[in-house]
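**Q**
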Amino acid sequence: MKQRLSLVLMLFVLFAGTVSAQKYSYKTYPNDPLGVREYTLDNGLKVFMSVYKDAPKVQTYIAVRAGSRNDPHETTGLAHYLEHMMFKGTQKLGTTDWEKEKVLIQKIEDLFEAYRMFDDSLTRAAIYHKIDSLSYLASKIAIANEYGKAMTAIGSTGTNAFTSNDYTMYVENIPNNQIETWCEVQADRFQNLVLRLFHTELETIYEEKNMSLTKDGRKANEAMFAALFPHHPYGNQTTLGSQEHLKNPSMRNIRNFVATYYVPNNICISMAGDFDPDQAIRIIDKYWGNMKPSPVPELQFEREAPITSVITKTVTGLDAENTIRAYRLDSGNGSRDAMLADLLESVLSNGKCGLIDLNINQQQKCMGAYAGPYTLNDYGAFMFEGRPLQGQTLEQVQALFDEQIALVKQGKFDDWMLTAAINNMKLSIMKRAESNNSRASQMAYAFVQHRNWGDVCNEIDELSKITKKDIVDFANRLFKENNYVIVNKLQGEPEPILKVSKPPITPIEVGRDNESAFLREIKARQVKPIEPVFVDFSKDLTKRKLANGSEMLYVQNKENQTFTLIYRFDFGYRAGQLGKTLDLAADVLEYLGTSKHTPEQLQEEFYKLACKYSVSVGTENINISVSGLSENMAAAMALVEEIISDVQPNDQALPMLVARILKSRDNAKHNQQSCFRALGNYGIYGEDSPSKDMLSEAQLKEMKCSQLTDALHALFGYQHRVLFYGPEPDDLIAKTIASIHKTPAKLQKAPANKKITPKAVSENTVYFVDYNANQTYMREHFRGEKFNTKEEAVMDIFNEYFDGSMNAIVFQEMREKRSLAYSAQSYYMTPSDKDGYFTNAAIIATQNDKLIDAMNAFNELFDQMPVAEANFAMAKDAEISGIRTSRTTKMGIINSYLYYEKMGFDPKKPRAKILFEAYPKVTMQNVIDFNKKYIKGQKKVYMCLGKEADMDFNALGKFGKVKKLKLEDIFGY
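Take a look at the structure:
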């Protein structure tokens, strides 16, 4: 009887999935690859935990079910700028005297409410002057970014947050011995937020908005959402908010928003890593358990009427043309329609053998096309997007969509497609489980999407039940003749953007030398230190000779049944004509077949195997990679061998590819990021710029496809190594490679790569390229010494101190103090190999009329580097903590070994161990001396990409001789 009762109890626990650990009950779910525990505190706070002992760290997400859909209509963008303000501290963190500070903050809040009420510029300017004056006084009491200092003090990395339509998430990656302090700080942050340093942060947010206005893709998506959801916040307001609302903010509305939505029954804490859940839940309850719950109002909105005629919108910008088609999904995340849409995406656009992949992309009928769902909580959309060829109209691209839609509605796709899609999804689940960040984010997303974790675990089973008929029926229900939105993104001068001059802001005090009592207490706490573990290549890595004389670097996968195999060649794009020929061959390869398989059949075979392959030609290496489910490894390897050794030329495919390459090159000259990258390369390398090192148009057009296939056929005849990570033992892998990977008896020596080095800077120079945008992208550069390790430890701590985190000098000065940019970066960079040179970079994107101020500010920081012992101590501790909690595992072991080779390091002497012993000896004076020796007063190249009409060239000339460049100068065509 006793045995039978025990069995009944065991079965109850197994299937009901509710377990009690002392006073804390939690749910578990069958078929859960992450082994999640789900807790609910008495106040409604949800806690999700997944243990994964890959490193002594815990990835944390705190997710709030509130995003831009919940913004007040008169202050759109509020959820996003609240996310920014959540880094400003609390009543005990970020202040030297809260009682004095709160009086000033209340006055500032009242003035902002008055500021919003007036339209005339003189009155607004007068009020803003008062806001600025009071803000400066308040900043003398405040301590800028003490939250960041607290996180740095406990060794947290990856400090971040982001806002979307339905949610806001806050992210930290913490050492597993700091869970309690992390939890205490977060609970204080969510319950006692203070809106300090508000007006300078708003300028930063406005810079972020400026950045978005130059991104044509974002503008096209906003136009699409406005047409799909005109009566819902998804469509009638944006996450970043309107320019008008950002210039008329309300601190009062922020506080009301927090009181309404930042309540425990609307929040979850998600944790994944190496920790004890029983201990962690007690800590969470200790600090979060007293947070008061409150009913969360349901968003009231009018359901959208069906779209009965095609809606066409147009967006104009400098980027290349493209066209979007979107069908509204009337149900959102977690619905059956969302699951059907996921499988429909696999049929249409799985990246290998979907209808769009084979019938459009494989045939090169446009520059590129895809289809897939975008699901939100209240609605969703199924989207098609395509980019036209040279001379192709957007209407012709849309006609290609019609053809694929007709096929899926008629069920003209293979029956095996759904089974293969499920297998590929299973592979994806296994790969996602290898990352703490992926684990934690999956749990957080399930919460904000109102999805039961058990449903998430069972999703693959539910998807497996969906039949081909279900997909066809869904397609016929979804895709009507006139129920969609088209957004045509045209190329041309963008529509005029509201230009707001920079307000007169007094640089605030950042309180760099001040500390709150709370931070001092946090820094004084003692926790058991995490002992570092250094890579030992003699134990962690297996090296063996293969039958053909090649070397294999092997690490066993003891975690799951997936593998990665790479054939690595020590030459690449810079190996003269051969390198460039192979680069073009790699591009055309997907459009070529073998004597046994068409290119379409090859894509289908890999998809059926849940495997993938790639040929990647880098600047110095070529990698042929194959990965996927280990049970299908041999079959996938055999296909790769067939492709490389037997690929057949196709004289129609290559000219089509060349036309697309030339079109891509033209498109790059209209893209802000591409132009800035090319300008940066030119400023650093001059005529040796990687952006100019390419086959000319004439060379491309003269190339025969047979030249490319001949180069591929000969590739395995060059010396190469095998890199392997997978579950099979190394002797079995060696035998498998010997039986499948056929090479000549004697391998050719790899050709040499051309070396390029940054140019020495002998005089201050300003390179300027015109680009029509409200923001200027600027980079400063100079070359340092040739690579050496004599001051490596000092350099690491200098970089961390100067710009390694949110409490570093650059962030404090450029963003918090002066409001010059949304993002600014500076770092002294190690070269990519032992023969290279150190370089220094400073990068900023700022409003056009702030450029000169930004350049002056950077130079001031370089030449008069602020000295702050407290910041230095945190920077040093951060570097030490990083080594204590870092672990080299999986493919990282192989990649680390290759890096040691490239940099000339002794593999028997772990670099982390050398640095771990050196960091404690570094002093503030060492960092000051490093700055004086390598940074201060250096001649520089300044690279500016901005709107010429807005530039003050007399002011730019004070930085160096100004040279206006054309796009042809930096791209080489």
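Numbering-wise, the numbering used here puts 1357 at position 933 of the sequence shown, and it's gapless, one number per residue.
The C-beta atom is built at its ideal place from N, Cα and C for all residues, glycine as well.
Computed from a predicted model, the values in this text were never measured in an experiment.
Give me the Cα-Cα distance between residue 1251 and residue 1166, rounded to the nearest whole angstrom.
**A** Start at 1 with the first residue of the sequence shown, and residue 1251 comes out as number 827. Start at 1 with the first residue of the sequence shown, and residue 1166 comes out as number 742. C-alpha separation (whole angstroms): 46 Å.
**Q** Thinking residue 753 and residue 803 are a contact (beta carbons under 8 Å), I'd like their distance in whole angstroms, please.
**A** Residue mapping note: residue 753 aligns to position 329 of the sequence shown, counting from 1. Residue mapping note: residue 803 aligns to position 379 of the sequence shown, counting from 1. At roughly 6 Å, the Cβ-Cβ gap stays under 8 Å, so residue 753 and residue 803 are in contact.
**Q** Should residue 655 be labelled buried (16 or more other beta-carbon atoms within 10 Å of its own) or exposed?
**A** Locating residue 655 in the sequence shown gives position 231, counting from the first residue. Label assigned to residue 655: exposed.
**Q** Taking just the CA atoms, how far does residue 1156 sit from residue 1162?
**A** On the sequence shown, residue 1162 is found 738 positions in, with the first residue counted as 1. On the sequence shown, residue 1156 is found 732 positions in, with the first residue counted as 1. Between residue 1162 and residue 1156, the C-alpha separation is close to 10 Å.
**Q** Kindly identify the DSSP beta-bridge partner or partners of residue 828.
**A** Along the sequence shown, read from residue 1 onward, the residue named residue 828 stands at position 404. According to DSSP, residue 828 bridges with nothing at all.
**Q** Under a Cβ-count criterion, where at least 16 other Cβ atoms within 10 Å of its own Cβ denotes burial, should residue 776 be classed as buried or exposed?
**A** Your numbering for residue 776 matches position 352 in the sequence shown. So residue 776 ends up on the buried side.
**Q** Going by the beta-carbon positions, is the gap between residue 981 and residue 478 smaller than 9 Å?
**A** Within the sequence shown, residue 981 is the residue found at index 557, counting from 1. Within the sequence shown, residue 478 is the residue found at index 54, counting from 1. Not a contact, by the Cβ cut-off of 9 Å.
**Q** Give me the Cα-Cα distance between residue 826 and residue 749, rounded to the nearest whole angstrom.
**A** Counting from 1 along the sequence shown, the entry for residue 826 is found at position 402. Counting from 1 along the sequence shown, the entry for residue 749 is found at position 325. Answer to the nearest angstrom: the Cα atoms are 10 Å apart.
**Q** Considering only DSSP beta bridges, list what residue 1200 is partnered with.
**A** Counted from its first residue, the sequence shown places residue 1200 at position 776. Answer by DSSP bridge pairing, in chain order: 1270.
**Q** Would you mind stating whether residue 1116 and residue 840 have Cβ atoms separated by less than 9 Å?
**A** What you label residue 1116 is simply residue 692 of the sequence shown in a count that begins at 1. What you label residue 840 is simply residue 416 of the sequence shown in a count that begins at 1. Not in contact: residue 1116 and residue 840 (Cβ atoms no closer than 9 Å).
**Q** In three-state terms, what does DSSP make of residue 1206?
**A** Counting from 1 along the sequence shown, the entry for residue 1206 is found at position 782. In this structure, residue 1206 counts as strand in the three-state DSSP scheme.
**Q** Out of 481, 649, 674, 1361, which one is the CA nearest neighbour of residue 589?
**A** Here residue 589 corresponds to residue number 165 of the sequence shown, with the count starting at 1. Out of 481, 649, 674, 1361, 649 has the C-alpha closest to the C-alpha of residue 589.
**Q** Just checking my contact of residue 597 with residue 581 at CB under 8 Å: how many whole Å lie between their CB atoms?
**A** Translated into positions along the sequence shown, residue 597 becomes position 173. Translated into positions along the sequence shown, residue 581 becomes position 157. That pair is a contact at about 5 Å.
**Q** Would the segment 1166–1184 count as touching the segment 1330–1346 if we require 3 or more Cβ pairs under 8 Å?
**A** The segment 1166–1184 is not in contact with the segment 1330–1346.
**Q** Looking at the structure shown, is residue 1385 part of a helix, part of a strand, or coil, going by DSSP?
**A** Against the sequence shown, residue 1385 aligns to sequence position 961. The answer is strand: DSSP assigns residue 1385 an E or B state.
**Q** Whole-angstrom Cβ separation of residue 1045 and residue 996, contact assumed at under 8 Å?
**A** On the sequence shown, position 621 is the one that residue 1045 refers to. On the sequence shown, position 572 is the one that residue 996 refers to. Yes, residue 1045 and residue 996 are in contact; Cβ-Cβ is about 5 Å, under 8 Å.
**Q** Who are the Cβ neighbours of residue 534 in its own chain at under 6 Å, not counting the five residues just before and after it?
**A** Within the sequence shown, the letter at position 110 stands for residue 534. Taken in chain order, the list of residues that qualify is empty.
**Q** Suppose you measure from the CA of residue 432 to the CA of residue 726; what does that come to, to the nearest Å?
**A** As a first step, residue 432 is located in the sequence shown; it is residue number 8 there, counting from the start. As a first step, residue 726 is located in the sequence shown; it is residue number 302 there, counting from the start. Interpretation of residue 432 is limited by its pLDDT of 38, a score under 50 that renders its predicted location unreliable; the figure taken from the coordinates is listed afterwards. Distance between the alpha carbons of residue 432 and residue 726 is about 50 Å.
**Q** Quick one: give me the first and last residue of the alpha helix (DSSP H) that residue 660 is part of.
**A** By one-based count along the sequence shown, residue 660 stands at place 236. Element bounds for residue 660: 657–660.
**Q** Using alpha carbons as the reference points, say which of 1028, 992, 779 lies closest to residue 830.
**A** What you label residue 830 is simply residue 406 of the sequence shown in a count that begins at 1. Here the closest residue by C-alpha is 779.
**Q** Taking its Cβ as the centre, do 16 or more other Cβ atoms sit within 10 Å of residue 1071, making it buried, or is it exposed?
**A** Here residue 1071 corresponds to residue number 647 of the sequence shown, with the count starting at 1. Buried is the call here.
**Q** Do the CB positions of residue 620 and residue 678 come within less than 9 Å of each other?
**A** Residue 620 sits at position 196 when you count from the first residue of the sequence shown. Residue 678 sits at position 254 when you count from the first residue of the sequence shown. Not closer than 9 Å, so no.
**Q** Does the distance from the C-beta atom of residue 992 to that of residue 1179 stay below 9 Å?
**A** Locating residue 992 in the sequence shown gives position 568, counting from the first residue. Locating residue 1179 in the sequence shown gives position 755, counting from the first residue. Result no, Cβ atoms of residue 992 and residue 1179 do not sit closer than 9 Å.
**Q** In chain order, what are the residue ranges of uninterrupted beta strand (DSSP E) at least 3 long that sit wholly in the segment 1172–1251?
**A** Listed in chain order, they are 1189–1194, 1199–1210.
**Q** Applying the criterion that 16 or more other CB atoms from any shown protein chain within 10 Å of the CB defines a buried residue, is residue 1323 buried or exposed?
**A** By one-based count along the sequence shown, residue 1323 stands at place 899. So residue 1323 ends up on the exposed side.
**Q** Suppose you measure from the CA of residue 434 to the CA of residue 1144; what does that come to, to the nearest Å?
**A** Mapped onto the sequence shown, residue 434 falls at position 10. Mapped onto the sequence shown, residue 1144 falls at position 720. The predicted position of residue 434 is uncertain, since its pLDDT is 40 and thus under 50; a value taken from the coordinates is nonetheless stated next. Using only the alpha carbons, I get a separation of about 55 Å.
**Q** Would residue 1367 be called buried (16 or more neighbouring beta carbons within 10 Å of its own) or exposed?
**A** As a position in the sequence shown, residue 1367 is number 943, starting the count at 1. That one is buried.
**Q** Would residue 1056 be called buried (16 or more neighbouring beta carbons within 10 Å of its own) or exposed?
**A** Position 632 of the sequence shown, counted from the first residue, corresponds to residue 1056. Counting Cβ neighbours within 10 Å, residue 1056 comes out buried, since at least 16 surround it.
**Q** Relative to the C-alpha of residue 720, which candidate in 689, 1352, 987 has its C-alpha closest?
**A** As a first step, residue 720 must be located in the sequence shown, where it is residue number 296. Among 689, 1352, 987, the Cα nearest to that of residue 720 belongs to 689.
**Q** Residue range of the beta strand (DSSP E) that residue 746 falls in?
**A** Along the sequence shown, one-based indexing puts residue 746 at 322. Taken as a continuous stretch (DSSP letters only), the beta strand (DSSP E) holding residue 746 covers 746–753.
**Q** Using a Cβ cut-off of 9 Å (strictly closer), state whether residue 1003 contacts chain C.
**A** In summary, chain C is missing from the structure at hand, where a single protein chain is found.
**Q** Just curious, the alpha helix (DSSP H) that residue 759 is in, first and last residue?
**A** Position 335 of the sequence shown holds residue 759. No alpha helix (DSSP H) contains residue 759, which DSSP labels as neither H nor E.
**Q** Per DSSP, residue 912 forms a beta bridge with which residues?
**A** By 1-based counting over the sequence shown, the position of residue 912 is 488. Note: residue 912 sits in a beta bridge opposite 738, 747.
**Q** Taking the straight line between their C-alpha atoms, what separation do you get for residue 1386 and residue 819?
**A** Taking the first residue of the sequence shown as 1, we reach residue 1386 at position 962. Taking the first residue of the sequence shown as 1, we reach residue 819 at position 395. Cα to Cα, the separation comes out at about 44 Å.
**Q** Where in the segment 1012–1042 do unbroken runs of the alpha helix (DSSP H), each at least 4 residues long, occur, reported from the N-terminal end onward?
**A** Counting whole runs of 4 or more residues, the segment 1012–1042 contains the alpha helix (DSSP H) stretches 1023–1033.
**Q** Rank 1177, 834, 889 by C-alpha distance to the C-alpha of residue 1000 and give the top, closest one.
**A** As a first step, residue 1000 must be located in the sequence shown, where it is residue number 576. Out of 1177, 834, 889, 1177 has the C-alpha closest to the C-alpha of residue 1000.
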